[in-house]
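Engineer: My questions will all concern the structure given below.
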Amino acid sequence: MTKLKVGFYGITGCAGCQLSVIFQEDDLLDLLELVEIRAWPFIKDVNDDETFDYVFMEGLVATNEDKERLLKIRKNTKILIALGACAHTGCVPAYRHFTLQKNYAHLLYEKNKNISDVQPSPIDSFVQVDYVIPGCPPSKQEIRTFLKTVVLGNIPKSYDNPVCTECKLHNNGCLLEVKKPCLGPITRGGCNAICINGGLECWGCRGPTDDANLPVMVTILRKQGHGLKFIKDRLVTFAGTKMPAVRKLVYDKNNKA
Amino acid sequence: MTKTIKLDHLTKIEGHASLTVKIRNGKVERCDLGSTEGSRYFEGIVRGRQFHEAPELTSRICGICSCAHTLASAFAMENALHVQVSEQTMTLRKLLNWGERIRSHATHLYFLSLPDFLGYESALAMLPKYKKEITTALQIMKIGNQLVSVVGGRDLHPVSAQIGGFLTLPKQEQLDDLTAQLKACRPLAQKTVSLFASLRYPRFERELANFSVYHEKEYAMLTGVIRTGKKDYPIRKYHDYLKEYHERDSTANFVVKAGKEYRVGALARVNTSKDLLAPAAKRAAATWFPSQNPFHTNYAQAVELLHAIETCISILETLELKPEPPRRADLKSGHGIAAIEAPRGTLWHEYLVKDRKIVYCNIITPTAQNLRSMQEDIRAFLPRILTQSQQEIIDSIEKLIRAYDPCFSCSSHFLDVTWV
Numbered sequence: 001m002t003k004l005k006v007g008f009y010g011i012t013g014c015a016g017c018q019l020s021v022i023f024q025e026d027d028l029l030d031l032l033e034l035v036e037i038r039a040w041p042f043i044k045d046v047n048d049d050e051t052f053d054y055v056f057m058e059g060l061v062a063t064n065e066d067k068e069r070l071l072k073i074r075k076n077t078k079i080l081i082a083l084g085a086c087a088h089t090g091c092v093p094a095y096r097h098f099t100l101q102k103n104y105a106h107l108l109y110e111k112n113k114n115i116s117d118v119q120p121s122p123i124d125s126f127v128q129v130d131y132v133i134p135g136c137p138p139s140k141q142e143i144r145t146f147l148k149t150v151v152l153g154n155i156p157k158s159y160d161n162p163v164c165t166e167c168k169l170h171n172n173g174c175l176l177e178v179k180k181p182c183l184g185p186i187t188r189g190g191c192n193a194i195c196i197n198g199g200l201e202c203w204g205c206r207g208p209t210d211d212a213n214l215p216v217m218v219t220i221l222r223k224q225g226h227g228l229k230f231i232k233d234r235l236v237t238f239a240g241t242k243m244p245a246v247r248k249l250v251y252d253k254n255n256k257a
Numbered sequence: 001m002t003k004t005i006k007l008d009h010l011t012k013i014e015g016h017a018s019l020t021v022k023i024r025n026g027k028v029e030r031c032d033l034g035s036t037e038g039s040r041y042f043e044g045i046v047r048g049r050q051f052h053e054a055p056e057l058t059s060r061i062c063g064i065c066s067c068a069h070t071l072a073s074a075f076a077m078e079n080a081l082h083v084q085v086s087e088q089t090m091t092l093r094k095l096l097n098w099g100e101r102i103r104s105h106a107t108h109l110y111f112l113s114l115p116d117f118l119g120y121e122s123a124l125a126m127l128p129k130y131k132k133e134i135t136t137a138l139q140i141m142k143i144g145n146q147l148v149s150v151v152g153g154r155d156l157h158p159v160s161a162q163i164g165g166f167l168t169l170p171k172q173e174q175l176d177d178l179t180a181q182l183k184a185c186r187p188l189a190q191k192t193v194s195l196f197a198s199l200r201y202p203r204f205e206r207e208l209a210n211f212s213v214y215h216e217k218e219y220a221m222l223t224g225v226i227r228t229g230k231k232d233y234p235i236r237k238y239h240d241y242l243k244e245y246h247e248r249d250s251t252a253n254f255v256v257k258a259g260k261e262y263r264v265g266a267l268a269r270v271n272t273s274k275d276l277l278a279p280a281a282k283r284a285a286a287t288w289f290p291s292q293n294p295f296h297t298n299y300a301q302a303v304e305l306l307h308a309i310e311t312c313i314s315i316l317e318t319l320e321l322k323p324e325p326p327r328r329a330d331l332k333s334g335h336g337i338a339a340i341e342a343p344r345g346t347l348w349h350e351y352l353v354k355d356r357k358i359v360y361c362n363i364i365t366p367t368a369q370n371l372r373s374m375q376e377d378i379r380a381f382l383p384r385i386l387t388q389s390q391q392e393i394i395d396s397i398e399k400l401i402r403a404y405d406p407c408f409s410c411s412s413h414f415l416d417v418t419w420v
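Note that the protein sequences, when read in sequence, are chains S and Y. First residue of the first sequence? That's 1 in the numbering used here, and the numbers climb one at a time after it. First residue of the second sequence? That's 1 in the numbering used here, and the numbers climb one at a time after it.
Next up, the structure:
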């Protein structure tokens with residue numbers, strides 16, 4: 001049986017998603033046996049980027065170079081996977097879309113013409129994405145399952161239950177009941193509610209479920225006494241680019257981004 | 001005769017960087033090292049956000065040192081809003097920081113650096129002959145990750161370490177399990193030290209100021225002063241002695257002290273604080289340090305790995321946790337600065353908070369501070385290797401850059417990053 005030709009790449013990001021692959025620890029070598037690693041610039045010198053069956057792409061597009069690299073890799077691979085929140089939603093760096101320009105204007109490099117900054121965007125703004133492994137960071141378990149599934153020739157399934165489902169299975173008390181701004185009800189699970197297990201409310205890093213009820217989420221948070229600006233900021237921190245409805249819902253003249 | 005070397009995509013480093021070198025008549029005319037990573041403007045992103053959101057947001061600056069960013073921002077906020085954390089919180093933060101340093105050093109040593117010294121393109125290519133070494137690496141990385149995971153709730157971007165303390169605490173059986181695993185890991189750390197002591201490092205020394213957090217009672221970590229050369233400086237006054245600047249035509253940002261570059265990271269720390277190492281690590285360091293050879297950063301990391309494991313065992317053996325919610329901030333406004341040791345060196349976070357909102361943030365990462373040292377090292381190192389073939393020159397320079405364990409993801413969120 002010929003092995004699947006696989007590449008791991010990163011554009012602008014924090015390298016955490018690729019580390020989630022390297023940090024498979026006891027399972028890493030067995031997993032890598034299953035496929036042929038054709039390119040992985042983070043840990044390899046020789047990177048044959050001609051043809052792939054699967055490419056796992058970490059990071060978001062923040063420069064023209066990112067964009068060119070992404071387009072080239074898309075051409076060379078049969079299947080492209082957005083690995084982690086930056087590739088999927090743009091994650092925290094894409095929150096820049098929703099903040100005031102004056103907040104970061106002083107950091108821009110106007111003097112230097114060579115800097116080819118582009119609006120920070122998830123990779124599906126430029127290319128077709130076949131699968132998403134969401135999360136910041138993505139779940140190591142999910143990466144393992146994905147690889148094993150495709151090696152067996154099966155089609156990976158995405159998980160669309162909210163974080164609350166798994167949170168209940170972990171016997172956690174509901175953080176919304178203690179007035180913490182938890183986005184669990186509208187956020188796609190599959191993370192085993194890891195943040196809530198650790199005492200932290202869900203920030204929505206895996207993006208909204210298909211049937212996310214934004215208006216009710218906002219109402220609940222408002223009732224708890226959270227301000228509109230705070231709610232808006234939280235909703236769009238990790239996955240604002242995937243919630244067009246949020247603009248209509250919480251942006252008004254006084255809260256304009 | 002002019003020779004130009006341009007490396008557009010340096011491999012086996014965190015993030016993306018390039019190097020342009022121009023040599024004319026045997027002289028280095030130009031040597032520019034910089035990041036090609038897109039800028040993410042984290043310092044701008046946190047403006048206008050609530051102060052307690054800073055650790056979660058800034059953790060996303062870096063995967064491998066997310067704990068360091070989380071902790072530095074928590075410390076800076078606590079300084080700003082006068083929150084005193086408990087001794088228990090400090091102990092847990094140490095474990096978190098050491099866990100991160102263990103997995104980061106193991107990853108760098110075995111996956112990014114070792115292939116250079118053994119003549120392989122990657123750790124994966126080493127597998128047929130060196131499976132035992134790679135397995136050792138994975139086991140050490142695992143114990144580091146478990147430390148972070150047990151204490152912080154997740155191995156990347158921890159969740160429970162917050163301003164004022166920890167949202168949840170590890171269970172006693174988890175701590176006991178960690179102790180047992182760390183003890184089993186001791187021989188692996190010893191093996192790592194022996195392995196990295198046996199490598200042939202290029203002979204290259206350049207006098208540079210070491211720079212790190214220093215505490216007279218414990219090895220460079222989370223608290224103390226800045227020690228550089230023989231002098232100590234208060235952390236909160238860093239604006240007085242550090243300067244960040246852009247160079248118009250050059251690329252990355254630079255950080256200098258009194259106009260001069262300095263060295264941060266494992267080598268600077270061992271050089272400065274080697275007397276404070278655990279006995280086994282101190283013995284390993286004895287004849288090697290102080291050293292002015294940047295390639296010795298690798299060995300310094302191996303020494304720190306051993307020290308980290310010994311230190312965590314002794315912390316865990318006496319640790320008894322009691323329930324304790326995070327302490328709350330009474331103040332709503334303030335100004336706070338913190339510097340801690342991240343795996344790659346001193347990490348600075350500074351915030352100005354007004355009425356619970358962040359109005360100003362400045363972050364200086366270890367790699368930003370090392371950039372100029374790296375560049376000047378390359379400039380000084382090049383004349384020695386000019387007679388080699390182009391490929392050999394490239395290999396040697398890459399080895400030097402990797403020895404610094406740079407993280408360009410981190411360094412480039414902030415400042416100037418183009419290439420010519």
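Yeah, the Cβ is synthetic: ideal placement off N, Cα and C, and Gly gets one too.
Look at Leu316(Y) and Leu182(Y) and say whether their C-beta atoms are less than 9 angstroms apart.
Structural biologist: Yes, they are a contact pair.
Engineer: In angstroms with no decimal places, state the Cα-to-Cα distance between Phe414(Y) and Asn154(S).
Structural biologist: Caution applies to Phe414(Y), whose pLDDT of 40 falls short of 50 and renders its modelled position unreliable; the value that the coordinates give is listed next. If you take the alpha carbons of Phe414(Y) and Asn154(S), they lie about 43 angstroms apart.
Engineer: Does the CB of Val159(Y) have a neighbour CB from chain S at under 9 angstroms?
Structural biologist: Yes, its Cβ sits closer than 9 angstroms to a Cβ of chain S.
Engineer: Assuming Ile340(Y) and Leu331(Y) make a contact with CB atoms under 8 angstroms, what is their CB distance in whole Å?
Structural biologist: Actually they do not touch by this definition, with Cβ atoms about 22 angstroms apart.
Engineer: Might you give, ordered along the chain, the residues of its own chain that have their beta carbon closer than 7 angstroms to the beta carbon of Val236(S), omitting 5 neighbours on each side?
Structural biologist: For Val236(S), where only same-chain residues beyond five positions count, the Cβ hits under 7 angstroms are Tyr95, Phe98, Met243, Val246.
Engineer: Verify whether the separation of the beta carbon atoms of Gly345(Y) and Ala258(Y) is less than 9 angstroms.
Structural biologist: Contact flag unset, no.
Engineer: For Gly135(S) versus Ser160(Y), is the C-beta distance shorter than 9 angstroms?
Structural biologist: Result no, Cβ atoms of Gly135(S) and Ser160(Y) do not sit closer than 9 angstroms.
Engineer: Quick check: the Cα distance between Glu376(Y) and Tyr130(Y), rounded to an integer number of angstroms?
Structural biologist: Approximately 34 angstroms, taken between the alpha carbons.
Engineer: Label Asp66(S) either buried or exposed according to how many other C-beta atoms from any shown protein chain fall within 10 Å of its C-beta, with 16 as the threshold for buried.
Structural biologist: Asp66(S) should be labelled buried.
Engineer: In angstroms, rounded to a whole number, what distance separates the CA positions of Pro55(Y) and Val163(S)?
Structural biologist: Approximately 22 angstroms, taken between the alpha carbons.
Engineer: Would you say Val178(S) lies against chain Y (beta-carbon separation less than 9 angstroms)?
Structural biologist: With 9 angstroms as the cut-off, Val178(S) does not count as an interface residue toward chain Y.
Engineer: Could you check whether the Cβ of Phe211(Y) sits closer than 9 angstroms to any Cβ belonging to chain S?
Structural biologist: Judged by the 9 angstroms Cβ criterion, Phe211(Y) is not in contact with chain S.
Engineer: Buried or exposed for Gln369(Y), please, with buried defined as at least 16 other CB atoms from any protein chain shown within 10 angstroms of its CB.
Structural biologist: Answer is buried; the Cβ neighbour count reaches 16.
Engineer: DSSP state of Arg203(Y), grouped into three classes?
Structural biologist: Reduced to three states, the DSSP call for Arg203(Y) is coil.
Engineer: To test your reading of the DSSP string, which unbroken alpha helix (DSSP H) runs of 4 or more residues are found completely within the stretch 44–107 of chain Y?
Structural biologist: Runs of the alpha helix (DSSP H) inside the stretch 44–107 of chain Y: 54–59, 66–80, 87–106.
Engineer: Beta carbons nearer than 7 angstroms to chain S: which residues of the stretch 137–151 of chain Y have them?
Structural biologist: Result list: Leu138, Met141, Lys142, Asn145.
Engineer: Alpha helix (DSSP H) containing Glu166(S): first to last residue?
Structural biologist: Run containing Glu166(S): 163–169, per the alpha helix (DSSP H) assignment.
Engineer: Residues in its own chain within less than 8 angstroms of Tyr104(S) by CB, not counting five upstream and five downstream?
Structural biologist: Here the set comprises Arg96.
Engineer: List the residues that DSSP assigns as beta-bridge partners of Thr2(Y).
Structural biologist: Arg24(Y), per the DSSP bridge assignment.
Engineer: Which class does Val246(S) belong to by DSSP, given the choice of helix, strand or coil?
Structural biologist: Residue state, collapsed to three classes: helix.
Engineer: What beta strand (DSSP E) runs, 3 residues minimum, are completely inside the stretch 58–126 of chain S?
Structural biologist: The qualifying runs are 61–63, 77–83, 117–121.
Engineer: Could you compute how far the alpha carbon of Ile226(Y) sits from the alpha carbon of Arg234(S)?
Structural biologist: Cα-Cα distance, rounded: 36 angstroms.
Engineer: Closest to Gly204(S) by CA distance: which of Gly90(S), Lys78(S), Arg188(S) is it?
Structural biologist: Nearest C-alpha to Gly204(S): Arg188(S).
Engineer: So, at 7 angstroms on beta carbons, what are the nonlocal neighbours of Trp288(Y) in its own chain, with the 5 sequence-adjacent residues on each side left out?
Structural biologist: Closer than 7 angstroms at the Cβ level, and outside the excluded window around Trp288(Y), lie His296, Tyr299.
Engineer: Measure the CB-CB distance between Thr272(Y) and Ala220(Y) and report whether it falls below 9 angstroms.
Structural biologist: Yes.
Engineer: Identify the contact partners of Gln50(Y) in chain S, using a Cβ-Cβ distance below 9 angstroms as the criterion.
Structural biologist: Per Cβ cutoff of 9 angstroms: Phe230, Asp233.
Engineer: In angstroms with no decimal places, state the Cα-to-Cα distance between Val6(S) and Ile231(S).
Structural biologist: Each residue's alpha carbon lies about 40 angstroms from the other.
Engineer: Along the alpha helix (DSSP H) that carries Asn298(Y), what are the first and last residues, could you check?
Structural biologist: First-last of the alpha helix (DSSP H) with Asn298(Y): 297–318.
Engineer: Buried or exposed: Gln162(Y), going by 16 or more other Cβ atoms within 10 Å of its Cβ?
Structural biologist: Buried, by the Cβ-count rule.
Engineer: Apart from the five residues on each side of it in sequence, which residues of its chain come closer than 7 angstroms, Cβ to Cβ, to Cys174(S)?
Structural biologist: If we look at Cys174(S) and ignore the five residues flanking it on each side, it has no Cβ neighbours.
Engineer: Nearest by alpha-carbon distance to Pro137(S): which of Cys191(S), Leu200(S), Trp40(S) is it?
Structural biologist: That would be Cys191(S), whose Cα lies nearest to the Cα of Pro137(S).
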